[in-house]
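Student: Questions regarding the structure given below will be posed in turn.
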Amino acid sequence: MFKKVDDSIRMHQEDEDYTNPPEEFIGLSDFTSCGSDQLSFRAGDRLLVHTKTSADWWWAELGGLCGYVPSSYLKQDVEDSYLKQGVEEDTSEETSEDPWQDEEYFGSYGTLRLQLEMLSDRARTETYRQVILTNSAPLRGKVVMDLGCGTGVISLFCARLAQPKAVYAVEASSIAEHTETLVRQNGCEEVVTVFQGRAEELELPGTVDILISEWMGNCLLFEFMVESVLQARDRWLREGGMMWPSGASLCLVPCQALDYYTERMGFWEQPYGLDFTALQSLAQSEFFSRPRFSHLLQPEDCLATPCDVITLDMLTLHVTDLEKLRGQFTFIVEKAGTFHGFTSWFRVQFQSLERDKTTLELDTGPYSEPTHWKQTLFMLDGPISLLGGETVSGIILLHRNPVWRRHMTVTIQWRISSTEETGNCMVQTKSFPMWR
Ligand code: GJV
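Numbering-wise (my numbering), the sequence shown opens with residue 4 and increments by one.
Shown next, in the form of structure tokens:
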């Protein structure tokens with residue numbers, strides 16, 4: 004199933020007498036069902052929504068067929084409903100919400116709380132400092148763009164540790180007003196120029212040799228700041244220029260998460276001597292239907308050797324590639340344990356400007372120093388016991404939300420195969436909206 008709908012919801016669905024009249028919605032993007040209880044549709048299709056079962060999944064009808072559909076793929080047929088009511092068309096409700104949520108997004112980056120979180124992440128900030136330090140000789144005389152510079156730390160590293168010709172520090176949030184001051188206070192105003200505004204609206208005197216940015220989000224892509232970086236690359240990076248990071252990969256591992264599972268599910272067993280188990284299916288859908296950000300995976304909870312499921316080359320990646328990214332995995336279970344879910348994180352590489360010099364890497368995984376991203380946990384609906392030697396193989400799909408451009412849905416489909424023919428063999432799929 005694309006999204007496991009727990010039994011309580013399903014029972015409710017079957018009993019549904021549709022007392023409220025269905026509402027008409029229009030498909031914003033094609034949707035392909037991943038299970039018998041889902042309904043496929045195409046962009047432009049008109050669906051009748053019978054029940055808004057949860058915030059994410061609605062029970063809808065199209066061409067006489069019924070099934071669950073992801074709510075974020077639909078928009079209300081405003082024109083139609085207004086016409087019916089004889090009210091003048093007013094699309095303000097439809098257009099007032101920015102699919103990029105830029106006000107909220109840049110608003111939050113304007114606070115020191117987030118800037119402090121990033122700056123005090125030593126593994127992250129130190130990696131960027133090392134990249135500049137180890138490339139200080141070839142950086143001499145080069146023009147650098149620092150996209151999303153925040154307080155300007157990377158630009159200041161460039162100006163202090165190397166001798167670039169110019170550094171363009173680009174920042175859309177209001178923190179940029181302070182970045183100017185920091186540049187002056189650190190005596191870098193000859194080299195560093197701060198541009199306050201969105202990189203998409205930037206006007207520069209010419210192209211740049213190096214585009215450096217710290218754009219990575221949870222599960223690598225969340226926030227999709229990478230789109231701004233790719234657009235800036237296509238517009239401002241000279242032929243043969245360098246992207247930092249130059250490469251990125253998304254990593255995955257099947258894991259145990261007993262503490263988290265017990266905290267969210269075990270509680271209902273016998274709190275204060277009472278039986279609250281009736282809330283367990285609700286707990287499962289409330290706590291495990293979205294990924295858990297900021298999970299710190301203990302190495303001993305990895306059930307297999309992690310692997311890269313998606314790798315990106317930052318020089319050749321296209322914005323359109325971001326719509327759907329697909330990866331594969333085959334894990335061999337190394338020791339018996341309880342399979343609670345998958346954990347994911349990312350690694351990014353910084354190729355040297357000099358030939359044959361080592362590539363530096365920032366690894367946000369469980370075997371490296373923790374970063375402010377930590378890891379992202381995708382919980383299964385229920386735990387599964389695994390034996391050493393069994394394999395967990397399948398695919399992971401990152402599907403960018405067609406409406407909310409900073410969001411995506413991560414779908415994982417996996418099959419457990421036992422070495423013995425009589426053993427475990429099951430295929431399951433679960434989709435995790437992140438966040439819409
Ligand atoms: N133009 C200018 N600044 C930006 C843009 C953009 N298009 N997008 C993000 N920023 N690794 N996920 C800024 C944002 O305001 C913040 O200060 C920084 O880049 C994000 C860096 C960390 N986020 C991330």
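We put the CB at the ideal spot given by N, CA and C, even for glycine. Source: prediction; values computed, not measured.
Which whole-angstrom value describes the C-beta separation of Phe-349 and Cys-258, a residue pair presumed to lie in contact below a C-beta threshold of 8 angstroms?
Tutor: Not a contact, Cβ separation roughly 16 angstroms.
Student: Given a cut-off of 7 angstroms on the beta-carbon distance, is the pair Pro-141 and Leu-356 in contact?
Tutor: Closer than 7 angstroms, so yes.
Student: What does a CB cutoff of less than 6 angstroms around Glu-64 pick up in its chain, not counting 5 residues either side in sequence?
Tutor: Cβ neighbours of Glu-64 beyond the five flanking positions: Leu-51.
Student: Could you please give me the residues that DSSP links to Cys-254 through a beta bridge?
Tutor: Cys-254 is bridged to Asp-311, Trp-348.
Student: Throw me the rounded Cβ distance for the Asp-212 and Arg-241 pair, which I believe falls under 8 angstroms.
Tutor: Confirmed, about 6 angstroms.
Student: Grouping DSSP H, G and I as helix and E and B as strand, with all else coil, what is His-343?
Tutor: Three-state DSSP puts His-343 in a strand.
Student: What do you reckon, is the C-beta of Val-134 under 6 angstroms from a heavy atom of the ligand GJV?
Tutor: False, no ligand heavy atom lies under 6 angstroms from that Cβ.
Student: Taking C-beta to C-beta, are Ser-75 and Trp-61 nearer than 7 angstroms?
Tutor: Cβ atoms of Ser-75 and Trp-61: not closer than 7 angstroms.
Student: Tell me whether the beta-carbon of Leu-282 lies closer than 7 angstroms to the beta-carbon of Trp-271.
Tutor: The answer is yes: Cβ separation under 7 angstroms.
Student: Grab the span of the beta strand (DSSP E) containing Ala-63 for me, first residue to last.
Tutor: Looking at the DSSP string, the run of the beta strand (DSSP E) that includes Ala-63 is 60 to 65.
Student: Using the Cβ count rule (16 or more neighbours within 10 Å means buried), how would you classify Tyr-275?
Tutor: The residue is exposed, with fewer than 16 neighbouring Cβ atoms inside 10 Å.
Student: Please classify Ser-177 as buried or exposed, where buried requires at least 16 neighbouring CB atoms within 10 angstroms.
Tutor: That one is exposed.
Student: Starting from the C-beta of Arg-418, find all residues in its chain whose C-beta is less than 6 angstroms away, skip the five residues before and the five after it, and write them out in chain order.
Tutor: Only Ser-396, Gly-397, Val-430 meet the Cβ criterion.
Student: List the DSSP bridge partners of Cys-69.
Tutor: Glu-64, per the DSSP bridge assignment.
Student: For Ser-43, which residues of its own chain have a beta-carbon under 7 angstroms away from its beta-carbon, when the five flanking residues on both sides are left out?
Tutor: Excluding residues within five positions, the ones whose Cβ falls inside 7 angstroms are Phe-34, Thr-35, Ser-36.
Student: Would the segment 358 to 371 and the segment 114 to 133 be scored as touching if the rule is three or more Cβ pairs under 8 angstroms?
Tutor: They touch, by the three-pair rule.
Student: Within 6 angstroms: the Cβ of Arg-116 and any heavy atom of the ligand GJV?
Tutor: Checking the Cβ of Arg-116 against the ligand GJV gives no.
Student: Could you tell me whether the segment 152 to 162 touches the segment 368 to 388, using the rule of 3 or more Cβ pairs below 8 angstroms?
Tutor: No: the two stretches stay apart, fewer than three of their Cβ pairs being nearer than 8 angstroms.
Student: Could you name the residues of the same chain whose beta carbon sits closer than 7 angstroms to that of Lys-145, not counting the 5 residues immediately before and after it, in chain order?
Tutor: Excluding sequence neighbours, Lys-145 sits near Pro-167, Lys-168, Asp-212, Ile-213.
Student: For the ligand GJV, I want to know if Met-228 counts as a neighbour, meaning its beta carbon is within less than 6 angstroms of at least one of the ligand's heavy atoms.
Tutor: Met-228 Cβ: within cutoff of the ligand GJV.
Student: Report yes if the C-beta of Trp-218 is less than 6 angstroms from at least one heavy atom of the ligand GJV; otherwise report no.
Tutor: Yes, the Cβ of Trp-218 comes within 6 angstroms of a heavy atom of the ligand GJV.
Student: Please go through the same chain and pick out, in chain order, the residues whose beta-carbon is closer than 6 angstroms to the beta-carbon of Phe-109, but skip the five residues on each side of it.
Tutor: Result list for Phe-109: Ala-175, Ser-176, in chain order.
Student: Would you tell me roughly how many angstroms separate the C-alpha atoms of Lys-433 and Ile-415, rounded to the nearest one?
Tutor: Approximately 6 angstroms, taken between the alpha carbons.
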